[in-house]
Amino acid sequence: MDDVANYDSIAKIRADDGEPRPQLLAGVVRGLYATYASQITAGGAPVPHCFADDERKALKENYEVLKRAQFDGLRSAILQAAGGRCPFCHQAKANEIDHFLPKAIFGEYSVFSPNLLPICTTCNKKKSNRYKQGGVRRYVHPYFDALPSEAFLRVDLKIDPNISVQFEVHPPGSMPQATARRLSRQFDDLGLAERYADEALEEMMDRLGSLYDYFDTEHAPGVEKYLRTDARSAAARRGPNHWLVLTLTALADSPAFCDRGFMRLGPQPPT
Ligand SMILES: [Zn+2]
């Protein structure tokens, strides 16, 4: 994506609409584009440029132009950037565009593609205008922070008296501490423990009929094999940190769940 050319064409549209400031600030914004990567990767919190309020507002409003039909291609490229999924929860469909550094504060990055991320409605609402915490950047940036391919989430399964699952961030030793802290913060802010637990219970209920069927014919080993096979397929598609992969694996790993424990979810659904 040619962000400078995009900016220039947006600034021209604004000037034609009677707002000259984006064009007048083009040189400054171009310089700030060049510092975006270091803003994100530096140890401290990103710092907005000290524009006058009217300038920052004018730059923020550039984003309104990006919503016009002529930029449909750019918007759909952004939404598809993470395979159409929200890279913050790895769960829901990405149907909105997030400004990683909020456009109300960082007007200079309101139409800068590295700052525009696909996101789901729930994560976008919860993330809001937050971007720093205790003098450091608050969230993991999907384009700049490499996450390990190994598991960094964990699920704790309880069978007794009711079946429940609890998800938590469990960073491997190889993960940089700053990334681990951001992941934990993000997990809390976006309410991922509750959202994943809800999905996991729904998934178990959807599979209840199959669980009874496998138990009827092959007993606990049949239930375990069924869960493990599906966990493997899910892991191949979604990686080791997806709630579904973690849930199916935890269920398969639990002799108590496979040996009638699943019946605590409810009676056999009618056939
Ligand atoms: Zn999300």
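Heads up, the sequence shown is in the working numbering, so the first residue is 1 and it goes up one at a time. Think of the CB as a built atom: it goes at the ideal place given N, C-alpha and C, for glycine as much as any other residue. No experiment lies behind these values; they were computed from the predicted model shown.
Rounded to whole angstroms, T121 and S254 show a C-alpha spacing of 34 angstroms. Looking from the CA of L147, the closest CA among D17, P171 and K103 belongs to P171. Here A220 is near C258, since their CB atoms are less than 8 angstroms apart. Taken through DSSP and simplified to helix, strand or coil, E64 comes out as helix. A42 has its Cβ no nearer than 7 angstroms to any heavy atom of ligand 1.
Only buried fits T249, as 16 or more other CB atoms lie within 10 angstroms of its CB. For the 8 angstroms CB-CB criterion, F100 and H141 form a contact. Separation of L251 and H90 (C-alpha to C-alpha, rounded to the nearest whole angstrom) is 21 angstroms. DSSP places L211 inside the alpha helix (DSSP H), whose first and last residues are L208 to R238.
Closest by C-alpha distance to P270, out of A236, G209 and K225, is G209. When DSSP states are grouped into helix, strand and coil, S76 belongs to the helix group. Distance from the C-beta of I119 to the nearest heavy atom of ligand 1 is below 7 angstroms.
Distances from the CA of E55 to each of D198, L74, F106 and G31 were compared; the closest alpha carbon is that of F106. Distance between A94 and R185, taken at the CA atoms: about 21 angstroms. Only exposed fits D53, as fewer than 16 other CB atoms lie within 10 angstroms of its CB.
The stretch 109 to 116 makes no contact with the stretch 124 to 133; the number of CB pairs closer than 8 angstroms stays below 3.
Taking a cut-off of 8 angstroms for Cβ pairs, the stretch 189 to 203 and the stretch 239 to 246 touch, as three or more such pairs fall below it. Just so you know, the alpha carbons of S149 and G239 end up roughly 8 angstroms apart. Contact between the stretch 2 to 11 and the stretch 28 to 43 is present: 3 or more CB-CB pairs across the two stretches fall below 8 angstroms.
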